[in-house]
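S.K.: Let me begin by handing over the structure; questions about it come next.
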Amino acid sequence: MISGIIAEYNPFHTGHKYLLDQAEGLKIVVMSGNFMQRGEPAIVDKWTRAQMALEHGADLVVEMPFLVSVQSADHFAKGAISILHRLGVEKLVFGTEEMLDYQKIADIYVDKSEDMENFVKNLPDNLSYPQKTQAMWQEFAGLTFTGDTPNHILGLAYAKAVAGTGIQLGPVQRQGAGFHSEEVETTYASATAIRKGADQLDLVRDFLPSASLFEEATKVSWRNYFPLLRYQIATHPDLSQVFQVNEELASRIRSA
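Here is the structure:
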């Protein structure tokens, strides 16, 4: 068995180790580089994060290209699955807040992909791409969800991306705190909580299996990069020309 995992490891924590422990056979990880899905810089560099994974169960860590790692869920999933498929992965193992039959959902997409994509194309332009995707899943699979379940949303994107590849889906119930939770009184803290408390030695040593690597690495955050982004926003002639930015989103970005 060759298992694949798609990850950011920002940073690699006990919840990530738990997921690796659930995977069978050879374990291949496709990991974001120095920038995350939200365009956020990784708290520590990609080499350090890859080493953390290799020390705790991964057999191979492959870098996800930048143009994939910063995209929305569907493009993120499609690019990562394409890499895993070429590497011979047989099963995708991923964490999720919702334990559904994702394989059945993938089969729905195989049968109705053309109708589903046409449905999305015909939705109003003022809806964001995530809103359109949410409407599509509700229409064709009877699924309702919110932005509070980002791993589940990615799981649905994985279901679309594996359609026709032969890769099986292996969902694992997410353990401990929620994705955005800052709770630390738990067995598995979220990466959000760990990044916020990165200067707290006890927290780092409780929740990071490779705490020493993290402690020694140079840390970066949005504070280091936001002035550059703000300049780009202020001087860009037409933000709606940026991929996946519609007029409404462009207006919200400028006024933020």
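294 is the number of the first residue of the sequence shown in this note's numbering; add one for each residue after it.
All C-beta atoms in this analysis are idealised placements derived from N, C-alpha and C, irrespective of residue type, glycine included.
These figures come from a predicted structure and were not determined experimentally.
1) Tell me the rounded alpha-carbon separation between F328 and P502.
2) Compute the Euclidean distance between the alpha carbons of V386 and A316, then round it to the nearest angstrom.
3) Kindly indicate the opening and closing residues of the alpha helix (DSSP H) around E432.
4) Between which two residues does the beta strand (DSSP E) carrying G332 extend?
5) Whole angstroms are fine: how far does the CA of Q396 sit from the CA of A370?
6) Contact between the stretch 304 to 312 and the stretch 483 to 502: three or more CB pairs below 8 Å?
7) Can you find at least 3 beta carbon pairs, one from the stretch 420 to 433 and one from the stretch 335 to 342, that sit closer than 8 Å?
8) If you follow the beta strand (DSSP E) that M357 is part of, which residue opens it and which one closes it?
9) Once you ignore the five residues that flank D352 on each side, which residues in its own chain have a CB closer than 8 Å to its CB?
10) Please tell me whether Y422 has its Cβ less than 9 Å away from any Cβ of chain D.
11) Pairing CB atoms from the stretch 399 to 407 with CB atoms from the stretch 446 to 465, are three or more of them under 8 Å?
12) State buried or exposed for Y451, treating a residue as buried only when at least 16 other CB atoms are found within 10 Å of its CB.
13) When the distance is taken between beta carbons, is R331 closer than 9 Å to V363?
M.R.: Result, derived from the coordinates:
1) 22 Å
2) 6 Å
3) 422 to 434
4) Run containing G332: none; DSSP gives neither H nor E here.
5) Computed Cα separation, rounded: 15 Å.
6) yes
7) No, the stretch 420 to 433 is not in contact with the stretch 335 to 342.
8) 353 to 357
9) L319, K320, I321
10) Among the chains in the structure shown there is no chain D, since it carries only a single protein chain.
11) These segments touch.
12) buried
13) yes
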